[in-house]
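**Q**
There are 2 protein chains.
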Amino acid sequence: MTVSGRIASVVFALLCIPPVAAFDAFQPLPKQPPYPADNLPTKAKIALGKQLFFDRRLSDDRSVSCNSCHDLMSGGDDGRQVSVGAHGRHGQRSTPTLWNAAFYGALYQDGRSPSLEDQVQTHVLDADIMGLKDAAMLEQRIAAIDGYRQQFDRVFGGVNAVTSQNIARAIADFERTLITPDSAFDRYLRGNKRALTDQQQRGFATFIETGCAACHFWVNLAGPQPGLQLAMGEGFWELFPNYRGSRYEQQYHLLDDPGRVRVTGVEGHRYMWRVPTLRNIVVTAPYFHNGSVATLDEAVRVMAKTQLNKEVAAADVKDIVAFLQSLGGRFPRIAPPELPPDAVVE
Amino acid sequence: MTVSGRIASVVFALLCIPPVAAFDAFQPLPKQPPYPADNLPTKAKIALGKQLFFDRRLSDDRSVSCNSCHDLMSGGDDGRQVSVGAHGRHGQRSTPTLWNAAFYGALYQDGRSPSLEDQVQTHVLDADIMGLKDAAMLEQRIAAIDGYRQQFDRVFGGVNAVTSQNIARAIADFERTLITPDSAFDRYLRGNKRALTDQQQRGFATFIETGCAACHFWVNLAGPQPGLQLAMGEGFWELFPNYRGSRYEQQYHLLDDPGRVRVTGVEGHRYMWRVPTLRNIVVTAPYFHNGSVATLDEAVRVMAKTQLNKEVAAADVKDIVAFLQSLGGRFPRIAPPELPPDAVVE
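This is how it looks when you write it as C-alpha cells:
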C-alpha cells in the first residue's frame, strides 16, 4: 500500500467511526520512543549527544547550538517566525518543537528525513543554519577538542570516530529522551476522569466532532506511529490548506511555501505537510510552518476553516483551546552539560 | 570617596601586596547573594519571576523572553556577537551572562543600572529588545492573562499589581537564584588543594603575577562586592583598553563603542566598562562588550596586552586558560515553568 493509500484508509476509518469510539484513537505518551535498530542508545552516547546538543561550536561562528532554536526551556522551539542561524542568517520556516519528536516517522515539516539521525546530520551540515562548509569542517572542529575525540572513540569504538554520522547518532539518541509524559490528557486517558476539567472534556468532544482528530490522533496527536501503524521512516502528511479560497490564505501567506513538493518534485505533494504534534502546543507559538499565526485560538479557527471548512463558534474555540491546554506534559529538569574545553592555540 | 577613588585604592592595594597574600582577595561564591531591602524574596515571588523570565509574551511579537538571550542552558548568554531581539532587531552589545549577576553592584556593561530591578525594568521596556512601546503596553498584556493577574495581586498585595516595576521585582528575585557554586576554584579556596590540577594552580599564580587579579578578584572575580566593600548600586569600572595603541584595537574594534561616557557624559568615562565576572567564562564566548573575540586563549592575550601591556608566553596562556576552566560552577537543574494561558479572543 502506498503512503497516501495508508493515510487515506486511516483517515477514512477515523471519520467513519462514531466520536465515542474514536477515543480509542488516543493513547498516553509512552515513556520509551521507538529506537532504530542501528542506533540503540547507551548512557554514554546520550551524555555525549547532550553535550553536542548544547555546544555552539557546532556552528561556524560558534554562535548557534541545537538548543539555540530548539530551546528546551521554552517549548523546544524559539518563538520566532523563522529562526536565526549562524552569522545571523534567517531560516525559511518556523522551528518545530523538538519535544516528543521521537514519535514522528518523518522529520522536518516537509518530512524529507526518514529518521532523527538523518535529520540531525543534514541539519548540522546545512550552511544556512550552522554555517559550516561541509562535513570535514565539522568533524575537524569537533575532533580538535580532546575531550570530544576521546569520548567519540569510546562511545563508537575505534579511532577517528568523530564523523558527522556519529555526531548525528549521539544527538538523535539524546533527542529521543526529550519526552513530556503525564499531561492532564494522558492522565485522563489512563482513567483519571477528573484530570480534565468539564470545559476540557467538552473541548475534547468538540475537537473530535469538528474533525480535528482525523489527523491529530494517537500518542503524539500527530497521526499513526512509526514502528507501529507505519513503517519507521514513513510520514503522515496532510494538505494545508485542504479547502481553498478562505480569507486566511492571504492573511497568513499559506500558499507562499509549496511544502513537500519542493522535496519530492511530485505535483500531488504541493502544499502537503507533515501533521505536527499538538503536545505542548500552548508553549510552541507561533504556529504553522511559516509561524504566521501568533495565538492558539486563531490557529484553531484557521485550522477548522482551511482543513475542515468550518467556522467554529466562539464558545467552541474556547473549549478546544482549553482541551489543547491539557496537552502540556511534564518537562524534565535539565542541567546544562559540562562541555570539553577548546585546545589552546599557540 | 568617589567611586573612581575607591577603585584606585582597591587596585593600588592589590598591586602593592605580594602575590601570595593576594590569595585572600578571593572568596568562594556565597550561596546567598545580597538582597535589596525593598525587594526581599519570597518563594511565590521567585516562582512568578521564573515564569516571566521564560515567557515570550513579554515581547511585542511574542518571540523573545529573557531566556532567549540569557539562555540558562548555555552559559546564561546567547553565544552571538550581538543578540537578536523582537522583530529580529539586532542589539548593540554582546549579551553578558546572567549567572551570578546578583553579585554585581551595577548592571549593564556600562553599569547604567544600580540594581537588577532597574536593569530588568529598563530592559523589558527597551523597544530595541522587547519591541514594546511603553510600560502600559507591557502591563496591559500581562494583566490580560488571568493567571498572572491573580498571582501579581497575591504576591504584591492589593489589586492592579501588574506594574512594570513589580514585573521587574519578580524577575530580579528569580535572577538572584541564578548562582553557580562549588566550582573547582571554590573547592580549592575552601581548602581542597587537589581541586585544582598542577597546571591550574600554576595558572592561578600566573594570573595573579601577570596582574589579572588587580581587577578580577573577590567572590565573582569582578572586583569588590556591593553590600560589602562597595555600597549597593556602586559599580567597579576599568578602562578598556587601558594601554593604547596595540594591534588589537583595530583587529577587535575596541574603540568603536565609547562605553560608560555614553551614559554619564563624563569624558573621563570614555572606554570605561564594568569589570565582568570570570565565573563560567569557558561557556560565555564570544568575549568583551562587542563579542569580538571568539576564544578564551585569545581573550587572555588581548586582556594582557591592552590592560597590562604584557605579551604572555604561550605556555602561560595555556596555564591561565586552565585556571579559568576551574571557574565553571555547578549549574542547577531547571525545568521550564508552566505558563498561565492566554485569554481566548472572541
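Order-wise, the sequence lines are chains A and B.
Its first residue numbered -1, the first sequence is counted upward by one per residue in my numbering.
Its first residue numbered -1, the second sequence is counted upward by one per residue in my numbering.
Built from N, CA and C at the ideal position, the CB exists for glycine as well.
Keep in mind it's a predicted model, so treat the numbers as computed, not measured.
#1: Mark residue 328 of chain B as exposed unless 16 or more other C-beta atoms lie within 10 angstroms of its C-beta, in which case mark it buried.
#2: Go through its chain and collect everything with a Cβ distance to residue 26 of chain A's Cβ below 6 Å, but skip five positions before and after it.
#3: Could you tell me the alpha carbon to alpha carbon distance between residue 223 of chain A and residue 24 of chain A, rounded to whole angstroms?
#4: Could you tell me how far apart the beta carbons of residue 136 of chain A and residue 70 of chain A are, in whole angstroms, since I believe they sit closer than 8 Å?
#5: How should residue 59 of chain A be labelled, buried or exposed, when 16 other C-beta atoms within 10 angstroms of its C-beta is the threshold for buried?
#6: At the level of alpha carbons, what is the spacing between residue 62 of chain A and residue 174 of chain A?
#7: Quick one: which chain B residues come within Cβ less than 8 Å of residue 63 of chain A?
#8: For residue 316 of chain A, go through chain C and note every residue whose CB falls closer than 9 Å to its CB, in chain order.
#9: Opposite residue 224 of chain A in the DSSP bridges: which residues?
#10: Return the chain-ordered list of same chain residues with a C-beta closer than 6 Å to the C-beta of residue 108 of chain A, the five sequence neighbours on each side being excluded.
#11: For residue 255 of chain B and residue 241 of chain B, what's the separation of their Cα atoms in angstroms?
#12: Where residue 154 of chain B and residue 49 of chain B are concerned, what is the direct C-alpha to C-alpha distance, given to the nearest angstrom?
#13: How close, in whole Å, do the beta carbons of residue 119 of chain B and residue 166 of chain B come, if the pair is a contact with beta carbons under 8 Å?
#14: Based on the DSSP secondary-structure assignment, which residues constitute the bridge partners of residue 111 of chain B?
#15: Could you compute how far the alpha carbon of residue 51 of chain B sits from the alpha carbon of residue 116 of chain B?
#16: Just to make sure I have the definition right: I need the residues of chain B whose C-beta is within less than 9 Å of the C-beta of residue 293 of chain A. Which are they?
#17: Nearest chain A C-beta to residue 336 of chain B closer than 8 Å, yes or no?
#18: Since residue 236 of chain A is in the beta strand (DSSP E), which residue starts that stretch and which ends it?
#19: How is the alpha helix (DSSP H) around residue 272 of chain A delimited, first residue to last?
#20: Judging by CA-CA distance, which residue of A:36, A:298, A:320, A:312 is the nearest neighbour of residue 194 of chain A?
#21: Taking the alpha carbon of residue 345 of chain A as the point to measure from, which residue in A:67, A:215, A:271, A:90 has its own alpha carbon closest?
#22: Out of B:301, B:295, B:289, B:122, which has the shortest C-alpha to C-alpha gap to residue 54 of chain B?
#23: Checking 8 Å against the spacing of the C-beta atoms, do residue 275 of chain A and residue 218 of chain A come in under that value?
#24: Report the rounded CA-to-CA distance for residue 335 of chain B versus residue 142 of chain B, giving the unit in angstroms.
#25: Entirely within the segment 240 to 269 of chain A and at least 3 residues each: give me those beta strand (DSSP E) ranges in chain order.
#26: Any beta-carbon of chain A closer than 8 Å to the one on residue 281 of chain B?
#27: Under a three-way DSSP split, which group does residue 33 of chain A fall into?
#28: For a contact defined as C-beta to C-beta under 9 Å, what are the partners of residue 352 of chain A on chain B?
#29: By how many angstroms is the C-alpha of residue 93 of chain A removed from the C-alpha of residue 127 of chain A?
#30: Here's a check: name, in chain order, each residue in its chain whose Cβ is nearer than 7 Å to the Cβ of residue 36 of chain B, leaving out the five neighbours to either side.
#31: Taking only beta-carbon atoms, is residue 267 of chain A less than 8 Å away from chain B?
**A** According to the data block:
#1: exposed
#2: 184, 187, 188
#3: 11 Å
#4: About 22 Å; that fails the 8 Å criterion.
#5: buried
#6: 21 Å
#7: 72, 77
#8: Here chain C cannot be found, since the structure's protein chains are A and B.
#9: A:228
#10: 257, 258, 261
#11: 16 Å
#12: 16 Å
#13: 4 Å
#14: B:105
#15: 15 Å
#16: 60, 340, 342, 343
#17: yes
#18: 235 to 237
#19: Element bounds for residue 272 of chain A: not the alpha helix (DSSP H) but the beta strand (DSSP E), 270 to 272.
#20: A:320
#21: Because chain A is modelled from -1 through 344, residue 345 of chain A falls outside the range shown and cannot be assessed.
#22: B:122
#23: yes
#24: 19 Å
#25: none
#26: yes
#27: coil
#28: This structure gives no information on residue 352 of chain A, because the portion of chain A shown stretches from -1 to 344.
#29: 11 Å
#30: none
#31: no
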